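*Asks:*
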Amino acid sequence: MRMLIGLCLLSFPLVACGGEVEEAKPADAPTPPTEAAEVEAPEDLQIVQVRVEGDEYLFSPPGVRAGFPVRLIFDPAGLPGCSRDVAIPDFQIAKVISPEDATIEFTPETQGPVSVACSMDMYRGELRVE
1272 MRMLIGLCLL
1282 SFPLVACGGE
1292 VEEAKPADAP
1302 TPPTEAAEVE
1312 APEDLQIVQV
1322 RVEGDEYLFS
1332 PPGVRAGFPV
1342 RLIFDPAGLP
1352 GCSRDVAIPD
1362 FQIAKVISPE
1372 DATIEFTPET
1382 QGPVSVACSM
1392 DMYRGELRVE
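To convert, count from 1 in the sequence shown and add 1271; that's the numbering used here.
#1: Report the three-state DSSP secondary structure of Phe-1362 (helix, strand or coil).
#2: To which residues of the same chain is Phe-1339 closer than 6 Å at the C-beta, ignoring the five residues directly before and after it?
#3: Relative to the alpha-carbon of Arg-1399, which residue among Glu-1324, Val-1385, Ser-1390, Ala-1365 has its alpha-carbon at the smallest distance?
#4: So Glu-1380 and Gly-1334 are supposed to be a Cβ contact under 8 Å. How far apart are they, rounded?
#5: Using alpha carbons as the reference points, say which of Tyr-1394, Asp-1326, Gln-1363, Asp-1356 lies closest to Thr-1378.
#6: Do Glu-1324 and Gly-1396 have their C-beta atoms closer together than 7 Å?
#7: With burial defined as no fewer than 16 other Cβ atoms inside 10 Å of the residue's Cβ, what is the status of Ala-1365: buried or exposed?
#8: Let's test the definition: count the other Cβ atoms within 10 Å of the Cβ of Ser-1369 and tell me whether it reaches 16, buried, or not, exposed.
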């Protein structure tokens, strides 16, 4: 019995002082844009929201006009796994989407589909250019 009590007393300082303590961190809340961060978008800019369902990128609206700039806006919270690592080969674009940077911009000059895929080709989608 004495040995058990002695062992407990000796192990207490090791347990109490042995690990690092992590302080609670506040949840990352989006910060409002500052004046310096606000950039005026060209009035002919086409805004497209992108989300993932299953293994597919879905675009809203599903099509854009050729010859005008396009801004794809992704919802980082809705991008599972490697779907955050977006590639658009026709425009030599490869980008990891993050809460801090969730947009991709390009200007399609010709009509036809623009293929979008993740870096592992597990998630795919096509944006129509008319």
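For glycine and all other residues, C-beta sits at the position ideal for the given N, C-alpha and C.
Computed from a prediction, not measured in an experiment: that's the story for all the values here.
*Replies:* Taking the coordinates as given:
#1: helix
#2: Asp-1315, Gln-1317
#3: Val-1385
#4: With a Cβ gap of about 15 Å, Glu-1380 and Gly-1334 do not count as contacting.
#5: Gln-1363
#6: no
#7: exposed
#8: exposed
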